[in-house]
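Protein sequences appear in the order of chains C and A.
Counting in my numbering, the first sequence runs from 374 upward without gaps.
Counting in my numbering, the second sequence runs from 374 upward without gaps.
Even for Gly, the Cβ is constructed at its ideal location relative to N, Cα and C.
Report on the structure given below.
There are 2 protein chains.
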Amino acid sequence: MSRIVIVGAGPVGSLLGLLLKARGDDVVVYERRGDPRAQGYVGGRSINLALSDRGMLGLQQAGVVDDVEKVAVAMPGRQVHGVDGSSSFLPYGLNGEHIRSVSRGGLNIKLLDLLDGAGVPVHFEHPCVDVDLAAGRVRCGAVEAKGDVVIGADGAFSAVRAAFLKTDRFDYSQSFLPHGYKELAIPAGPGGSFLLERHALHIWPRSSFMLIALPNQDGSFTCTLFFAHDGDDASFAARSTPTAARSFFARAFPDALALLPDFDDQWARNPVSSLATIRCQPWHRGKTLLIGDAAHAIVPFFGQGLNAGFEDCRVLVEILADVDGDWARALPLFEQARKENADAIATLALENFIEMRDKVGRPDFLVRKKIEAALARAAPDLVTPSYTLVTFRPLTPYAAALRQIRAQDALLDRLSADVDVVAPVLRDPADAALQALLRRKATAHFS
Amino acid sequence: MSRIVIVGAGPVGSLLGLLLKARGDDVVVYERRGDPRAQGYVGGRSINLALSDRGMLGLQQAGVVDDVEKVAVAMPGRQVHGVDGSSSFLPYGLNGEHIRSVSRGGLNIKLLDLLDGAGVPVHFEHPCVDVDLAAGRVRCGAVEAKGDVVIGADGAFSAVRAAFLKTDRFDYSQSFLPHGYKELAIPAGPGGSFLLERHALHIWPRSSFMLIALPNQDGSFTCTLFFAHDGDDASFAARSTPTAARSFFARAFPDALALLPDFDDQWARNPVSSLATIRCQPWHRGKTLLIGDAAHAIVPFFGQGLNAGFEDCRVLVEILADVDGDWARALPLFEQARKENADAIATLALENFIEMRDKVGRPDFLVRKKIEAALARAAPDLVTPSYTLVTFRPLTPYAAALRQIRAQDALLDRLSADVDVVAPVLRDPADAALQALLRRKATAHFS
Chain C
374 MSRIVIVGAG
384 PVGSLLGLLL
394 KARGDDVVVY
404 ERRGDPRAQG
414 YVGGRSINLA
424 LSDRGMLGLQ
434 QAGVVDDVEK
444 VAVAMPGRQV
454 HGVDGSSSFL
464 PYGLNGEHIR
474 SVSRGGLNIK
484 LLDLLDGAGV
494 PVHFEHPCVD
504 VDLAAGRVRC
514 GAVEAKGDVV
524 IGADGAFSAV
534 RAAFLKTDRF
544 DYSQSFLPHG
554 YKELAIPAGP
564 GGSFLLERHA
574 LHIWPRSSFM
584 LIALPNQDGS
594 FTCTLFFAHD
604 GDDASFAARS
614 TPTAARSFFA
624 RAFPDALALL
634 PDFDDQWARN
644 PVSSLATIRC
654 QPWHRGKTLL
664 IGDAAHAIVP
674 FFGQGLNAGF
684 EDCRVLVEIL
694 ADVDGDWARA
704 LPLFEQARKE
714 NADAIATLAL
724 ENFIEMRDKV
734 GRPDFLVRKK
744 IEAALARAAP
754 DLVTPSYTLV
764 TFRPLTPYAA
774 ALRQIRAQDA
784 LLDRLSADVD
794 VVAPVLRDPA
804 DAALQALLRR
814 KATAHFS
Chain A
374 MSRIVIVGAG
384 PVGSLLGLLL
394 KARGDDVVVY
404 ERRGDPRAQG
414 YVGGRSINLA
424 LSDRGMLGLQ
434 QAGVVDDVEK
444 VAVAMPGRQV
454 HGVDGSSSFL
464 PYGLNGEHIR
474 SVSRGGLNIK
484 LLDLLDGAGV
494 PVHFEHPCVD
504 VDLAAGRVRC
514 GAVEAKGDVV
524 IGADGAFSAV
534 RAAFLKTDRF
544 DYSQSFLPHG
554 YKELAIPAGP
564 GGSFLLERHA
574 LHIWPRSSFM
584 LIALPNQDGS
594 FTCTLFFAHD
604 GDDASFAARS
614 TPTAARSFFA
624 RAFPDALALL
634 PDFDDQWARN
644 PVSSLATIRC
654 QPWHRGKTLL
664 IGDAAHAIVP
674 FFGQGLNAGF
684 EDCRVLVEIL
694 ADVDGDWARA
704 LPLFEQARKE
714 NADAIATLAL
724 ENFIEMRDKV
734 GRPDFLVRKK
744 IEAALARAAP
754 DLVTPSYTLV
764 TFRPLTPYAA
774 ALRQIRAQDA
784 LLDRLSADVD
794 VVAPVLRDPA
804 DAALQALLRR
814 KATAHFS
């Protein structure tokens, strides 16, 4: 049994506390914010999560899958909205697989309740102000805590990581997108009805910017506008007043604007937030470890940030089992297992912004997706659609998914320009001759 | 006339203070360390500098070129030492151009004396503890200073930059090499004689590590060992004791070891330092600007760190002249002018480590250098040797030098594998038929 101090009682810190307690460790958690069950949830990030199978695998170990499924809204695909009001549905998987829209606050509270039930003390309003990495000693508020291991699960702006930054040979980078985001809420319709398709992640792709909307169980949708910070027209700087923003929405998102009755108030009230990718190395020093966003914050465009954090928890616990709870061995093994995967999902998340805001609105992308699907049907042992690899193959490491995606992209580039492929795929992707041709081409490509 | 607060009285802060005072600005300087004239120089970095023409151009504006030339030791090339004790000289330029070995402390003191003479107050032992970037207000020790502009010239571990890191949308990266360094001194011989060739930068290239030595005016040399931090054999970790280090030197640098009589003492006494590249953006926020290493710290392998900082000073003063001293316009123009050049020299410096520690010891590199020289002679309007571009063309921006080097490297790759070129170059690089052939090939490549 080890004494473990966790800094941060967000979803990752809470799940980790549960899993370590279940292992038999003596766990204590310190959290900067107040208790969301007493005060209401004050998140640092978006209020909706897109939970996928990787995250569920971590939650499964904590036994909360059923609770989460009960409050989740299934999203089996994207509903893409054109400027003309038309829309079309693009399924995420080939077999109806779905991701889940879940309230971040609700999930966090559920995990905190479980921590209480497991007898793990959580001290709220105890901000981490100092860490002795080598000694495993941390000062949170007025309390000094000492652990066999201290784990920083305190998010993208981690106070524990700040102590790493003061040490020699700590590689670190934070890189911001030129785009920021602002949230807007579409209320439920009469009787809690949904004013947009309930079972979809909605996207209004507009090339250099986009609006998205995720369903909530009460019939409302949470919209997020991803928009350049600066610029003369399509930017937060140019649209700082509700009037300027409203005229822009009337042009770019007329159908969404019609569903936002209190647009002006929301625009004025809701803040603009920034989007950063944070990479660092090493993740452990002495008796201290970073995990989740504290070790690898990513942009939200693959919906994988929290999923990656939950996956961290699952992998750490598996490694601890392999080394019989020897934390000194587990820390480097954990970083070795996770670092390349964290880098891979960071890259994929940045690339998916371009897919979401631009490509999904273009005909050539739709053709490419059809070829990818036909190929996956013709050679399922060789080709898996990229979205499926990241989202619905929770045991495929992100880095392996990225390598596979790169190899498949090279093949798709070629097939998308191949007249013997494009026309037949559009006619009938299940055609036997086409399937045989695709199978031959895939075999040649991957041999 | 503007009120300018400079944080940092190292070489860059001092030169900038002189140049701004000469413009007519009201300048005050705060420095964390004590006065090196009273206390002896305590540098944070290597005690020797390789000053090249870019740095001299900045110093020229301050009128100190003659003073610097007096204390500099000219180094017109590299003396490369083999394991067998053999050595050969590789000139840096085609026309005997040289770089200068200069004492960092001596140069700094000279600039501080000039600041005194110019009536610029320098407050030592006033560490910067807080900066209000927007207001141009800085707290140094117990003093609060307010400027129209605050300039952070406080080096790679800049306290002013730390205030930028707390603001939103500040891109930042620090990246460490797996190699560190340790300095060792070769004493002068009898009567102040030089025990190695005086007019050369000495290199003992050993592929994955290297030793270098720069001459000092008193006949001594300052050696620097660049060595992996970790590893089983060739590393600081494996050679932490003088005995373990001595046996390694006996194998890798027997001739140098013979010139280091107090090797064991020096090895035990001198620290191992780390090597980092630091990039950030933006360099200015509100009324505050970063300059020199505070904005762009690089590894030392092209000897350009301080040269780039002095070039910053020159360019900033030129821009101020262009905009009639309008600092609000000058700050973004400065960053725009310098950022890509800082990134370019950071890249070149990292690449030059491989050239110094590995390539200069290999025959194929020497052939390539001969082809480059022959090419530059055949087509001087099209080809300039890479070292010359970086070091002896002070008005060619680093980014332009890097682009030209990339284009030339593609040509050199091809010519190095061309039997019609290699053998004739080794026979007689001035041969008329060869020169005509090289001219044709260069023309075709660059057209």
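Let me check one thing: in DSSP terms, what residues is residue i bridge-paired to?
{"i": "Met583(C)", "result": "Pro578(C) and Phe599(C)"}
{"i": "Ala423(A)", "result": "Ser474(A)"}
{"i": "Asp544(A)", "result": "Gln654(A)"}
{"i": "Val400(A)", "result": "Ile377(A)"}
{"i": "Gly450(A)", "result": "Pro464(A)"}
{"i": "Asp505(A)", "result": "Arg510(A)"}
{"i": "Leu569(C)", "result": "DSSP lists no partner for Leu569(C)."}
Relative to the C-alpha of residue i, which residue among the options is closest?
{"i": "Gly885(C)", "options": "Arg512(C), Phe530(C) and Gly413(C)", "result": "For chain C, the structure presents residues 374 to 820; residue 885(C) sits outside this window and is missing."}
{"i": "Val798(A)", "options": "Arg779(A), Ser759(A) and Lys742(A)", "result": "Lys742(A)"}
{"i": "Ala532(A)", "options": "Gly562(A), Cys501(A), Ser546(A) and Asp544(A)", "result": "Cys501(A)"}
{"i": "Ala561(A)", "options": "Lys555(A), Pro551(A), Phe594(A) and Phe549(A)", "result": "Phe594(A)"}
{"i": "Ile671(A)", "options": "Ala529(A), Arg624(A) and Ala536(A)", "result": "Ala529(A)"}
{"i": "Asp685(A)", "options": "Asp408(A), Gln434(A), Tyr403(A) and Gly397(A)", "result": "Gln434(A)"}
{"i": "Leu706(A)", "options": "Val688(A), Ala625(A) and Ala722(A)", "result": "Val688(A)"}
{"i": "Asp731(C)", "options": "Gly436(C), Glu713(C) and His454(C)", "result": "His454(C)"}
{"i": "Ala694(C)", "options": "Gly397(C), Asn421(C) and Phe675(C)", "result": "Gly397(C)"}
{"i": "Phe674(A)", "options": "Glu724(A), Gly466(A), Pro802(A) and His496(A)", "result": "Glu724(A)"}
{"i": "Ser651(A)", "options": "Ala717(A), Leu467(A) and Ala611(A)", "result": "One point to set straight first is that residue 651(A) is Ile, not Ser, in the sequence displayed. Selected option, being the one with the closest Cα: Ala717(A)."}
{"i": "Asp801(C)", "options": "Arg813(C), Val475(C), Ala747(C) and Val522(C)", "result": "Ala747(C)"}
{"i": "Leu333(A)", "options": "Val380(A), Gly431(A) and Lys394(A)", "result": "Residue 333(A) lies beyond the range of chain A shown here (374 to 820); nothing can be said about it."}
{"i": "Asp486(C)", "options": "Val763(C), Val690(C), Ser460(C) and Leu388(C)", "result": "Leu388(C)"}
Nearest-angstrom Cα distance between residue i and residue j?
{"i": "Ile559(A)", "j": "Cys596(A)", "result": "7 Å"}
{"i": "Val438(C)", "j": "Met429(C)", "result": "7 Å"}
{"i": "Val795(C)", "j": "Pro588(C)", "result": "35 Å"}
{"i": "Ala507(C)", "j": "Glu517(C)", "result": "15 Å"}
{"i": "Arg542(A)", "j": "Tyr545(C)", "result": "15 Å"}
{"i": "Ala631(A)", "j": "Arg427(A)", "result": "36 Å"}
{"i": "Asp605(C)", "j": "Gly553(C)", "result": "15 Å"}
{"i": "Ala809(C)", "j": "Gln781(C)", "result": "18 Å"}
{"i": "Phe636(A)", "j": "Thr540(C)", "result": "29 Å"}
{"i": "Asp793(C)", "j": "Val446(C)", "result": "41 Å"}
{"i": "Leu463(A)", "j": "Met583(A)", "result": "17 Å"}
{"i": "Val400(A)", "j": "Arg787(A)", "result": "54 Å"}
{"i": "Gly386(A)", "j": "Asp666(A)", "result": "10 Å"}
{"i": "Leu775(C)", "j": "Tyr403(C)", "result": "35 Å"}
{"i": "Ile472(C)", "j": "Gly678(C)", "result": "14 Å"}
{"i": "Arg658(C)", "j": "Phe537(C)", "result": "8 Å"}
{"i": "Gly436(A)", "j": "Gly520(A)", "result": "26 Å"}
{"i": "Ala617(A)", "j": "Asn643(A)", "result": "15 Å"}
{"i": "Leu807(C)", "j": "Gly734(C)", "result": "26 Å"}
Look up residue i in the DSSP assignment and say whether it is helix, strand or coil.
{"i": "Glu684(A)", "result": "helix"}
{"i": "Gln590(A)", "result": "coil"}
{"i": "Thr761(A)", "result": "helix"}
{"i": "Lys539(C)", "result": "coil"}
{"i": "Ile651(A)", "result": "strand"}
{"i": "Gly417(C)", "result": "With a pLDDT of only 44 at Gly417(C), under 50, the local geometry of the prediction cannot be trusted, and no value is derived from it."}
{"i": "Ile559(A)", "result": "strand"}
{"i": "Met429(C)", "result": "helix"}
{"i": "Leu810(C)", "result": "helix"}
{"i": "Gly525(C)", "result": "strand"}
{"i": "Glu517(C)", "result": "strand"}
{"i": "Arg779(A)", "result": "helix"}
{"i": "Phe462(C)", "result": "strand"}
{"i": "Ser620(A)", "result": "helix"}
{"i": "Gly553(C)", "result": "strand"}
{"i": "Ala641(A)", "result": "helix"}
{"i": "Ala445(C)", "result": "coil"}
Self-check item: Whole alpha helix (DSSP H) elements within the region 678–742 of chain C, 4-residue minimum
Solution: Runs found: 678–695 and 700–730.
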